[in-house]
Amino acid sequence: MRLARAKDVYSLVESFGRAARRLGFPHYVISRVTPIRSACTRRTALEMIGSHYPQEWMRHYQRRDYASTDPVHRAAFLQSAPYRWHDIIGLSKAESRLLDEAREAGLPAGLSIPVHQSDGSILLFNLSGPLHCVNDKGNSRLAYLMSAQFNFELHRLALIHSKRAARLLTPRQLECLTWVARGKTSAEIGEILGRSRYTVDYHIEEAMAALNIRSRTAAAVHATAQGIIKP
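In full-length UniProt numbering, the protein residues as written are 1 to 231.
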């Protein structure tokens with residue numbers, strides 16, 4: 001498999017996509033799902049690593065902020081083996097509507113492979129295609145092996161990248177990310193450091209750009225997992 005030859009995340013995702021299409025899955029998404037602790041609601045931070053879903057569906061998904069409603073994400077925290085979307089039980093009305101809308105958008109059926117990470121997040125592989133491909137047990141086994149190797153290679157690339165990124169991050173950016181990892185808001189971090197919340201936001205955004213991660217929570221989780229910061 002060409003995953004081991006990948007020189008960067010883009011080529012790693014492309015190799016995974018080619019392998020997925022050979023199994024009969026034209027659509028796939030690879031993301032990191034991180035639970036956000038909240039006393040009121042269950043929310044998740046979603047870091048997109050690679051996507052080949054219909055663009056209109058992706059725009060709709062993001063507009064509706066479906067990451068925290070998606071039953072595929074909920075099931076991922078309860079499973080350690082591949083699972084089919086139509087096997088997920090206890091669907092709420094909102095979750096059922098989401099899956100119905102996904103089918104209407106061109107995702108007829110799906111197979112998900114959760115790979116649990118040491119930091120509590122999940123590297124989630126969602127494959128979508130015809131029902132007979134989703135139900136094929138051989139496909140499920142191969143998809144699991146593909147996902148496990150992708151996870152291994154992603155960690156290999158992340159180690160290389162984190163060493164470079166650590167040299168790019170300023171001491172203030174590292175300090176702000178550390179406080180984010182401890183659950184502090186920008187206002188709270190500003191009070192601790194004696195800076196305005198806008199200055200704190202600036203440092204966090206610069207750190208996110210250096211790490212090539214769009215979410216501050218995901219950036220803090222990634223930096224912690226890679227040993228860049230030690231909350």
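Don't be surprised by glycine CBs; every beta carbon is placed ideally from N, CA and C.
Within-8 Å CB hit, residue i to chain C
i: residue 57; result: In the displayed structure, chain C is absent; only one protein chain is listed.
DSSP three-state assignment for residue i, whether helix, strand or coil
i: residue 78; result: coil
i: residue 61; result: helix
i: residue 10; result: helix
i: residue 215; result: coil
i: residue 182; result: coil
i: residue 202; result: helix
i: residue 90; result: coil
i: residue 110; result: strand
i: residue 196; result: coil
i: residue 83; result: strand
i: residue 160; result: helix
i: residue 137; result: helix
i: residue 228; result: coil
i: residue 169; result: coil
C-beta contact flag for residue i and residue j at 8 Å
i: residue 68; j: residue 43; result: yes
i: residue 122; j: residue 177; result: no
i: residue 140; j: residue 111; result: yes
i: residue 143; j: residue 23; result: yes
i: residue 82; j: residue 113; result: yes
i: residue 127; j: residue 20; result: yes
i: residue 65; j: residue 221; result: no
i: residue 33; j: residue 76; result: yes
i: residue 53; j: residue 27; result: yes
i: residue 225; j: residue 117; result: yes
i: residue 192; j: residue 179; result: yes
i: residue 173; j: residue 207; result: yes
i: residue 98; j: residue 57; result: no
i: residue 124; j: residue 31; result: yes
i: residue 25; j: residue 138; result: no
Beta-bridge partners of residue i, as assigned by DSSP
i: residue 123; result: 32, 115
i: residue 45; result: 34
i: residue 103; result: According to DSSP, residue 103 bridges with nothing at all.
i: residue 222; result: DSSP, once it has assigned bridges, lists no residue as partnering residue 222.
i: residue 50; result: 30
i: residue 128; result: 27, 110
Cβ distance (whole Å) where residue i is taken to contact residue j below 8 Å
i: residue 3; j: residue 150; result: 6 Å
i: residue 134; j: residue 109; result: 4 Å
i: residue 166; j: residue 231; result: Not really, about 15 Å apart at Cβ, beyond 8 Å.
Inter-stretch contact (C-beta, 8 Å, three-pair minimum) for the region 180 to 188 and the region 16 to 28: no
Cβ contact (3+ pairs, closer than 8 Å) linking the region 87 to 103 and the region 56 to 74: yes
At least three beta-carbon pairs within less than 8 Å, the region 197 to 207 to the region 148 to 162: no
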